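Peer 1: Shown below is the structure under consideration.
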Amino acid sequence: MNDAQIWTVIGGFLAVAVAMSGMVVRTVGSEIRAVRGDIRGLRGEMNAQLGGLRGEMHAEIGGLRSEMHAEIGGLRSEVHAEIGGLRSEVHAEIGGLRSEMRAGIGGLRGEMNARFEAVDVRFNSVDRRLDGLDSDVQALTRRVRDDGP
Numbered sequence: 086m087n088d089a090q091i092w093t094v095i096g097g098f099l100a101v102a103v104a105m106s107g108m109v110v111r112t113v114g115s116e117i118r119a120v121r122g123d124i125r126g127l128r129g130e131m132n133a134q135l136g137g138l139r140g141e142m143h144a145e146i147g148g149l150r151s152e153m154h155a156e157i158g159g160l161r162s163e164v165h166a167e168i169g170g171l172r173s174e175v176h177a178e179i180g181g182l183r184s185e186m187r188a189g190i191g192g193l194r195g196e197m198n199a200r201f202e203a204v205d206v207r208f209n210s211v212d213r214r215l216d217g218l219d220s221d222v223q224a225l226t227r228r229v230r231d232d233g234p
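Quick note: the sequence shown uses the numbering used here, first residue 86, plus one each step.
Put into structure tokens, the structure is as follows:
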């Protein structure tokens, strides 16, 4: 083979190599585009699933929130009812204690009045006795003066 033929064969191989590399580049490019398309599709599916999950999560949270508010409302009603019952019991107890205290004070007042009356009767008795003694002393004084020197 002469030089021209060698260069022709080299040129042919080079042309085949360039053509093959172009095919490889185009094939790789189309594969990359296909993978990008698949990724876009997967991204779209993922976004759709995330949106669905987000919607389900919001619905579930809303349901839980409603249940929680209902339970809190029920507990609030029970607490208010219990407080109202305790308030009624306390007021009844206070009313009973107030009545007992007034009755006790009334009894003490009556007892004290009776004791003061008894003391007053004793003072009046002592006053009468002192008046009697005073009369007796005056009578003795008169007698002594009349009988005197």
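Note that the Cβ used here is the ideal one computed from N, Cα and C, for glycine as well. All figures in this text were calculated on a predicted structure; none of them were measured in a lab.
1. Rounding to the nearest angstrom, what Cα-Cα distance links Met105 and Glu116 in this structure?
2. Give the DSSP-derived three-state secondary structure of Met131 in the structure shown.
3. Going by DSSP in three states, Asn87 sits in which element: helix, strand or coil?
4. Express the C-alpha separation of Arg172 and Glu178 in angstroms, rounding to a whole number.
5. Quick one: complete beta strand (DSSP E) runs, 3+ long, within the region 99-129?
Peer 2: Straight from the coordinates:
1. Rounded to the nearest angstrom, the two C-alpha atoms are 16 angstroms apart.
2. In the three-state scheme derived from DSSP, where H, G and I count as helix and E and B as strand, Met131 is classed as helix.
3. Note: Asn87 maps to coil in three-state DSSP.
4. Glu178 and Arg172: Cα-Cα distance of roughly 10 angstroms.
5. List check, beta strand (DSSP E) in window: nothing returned.
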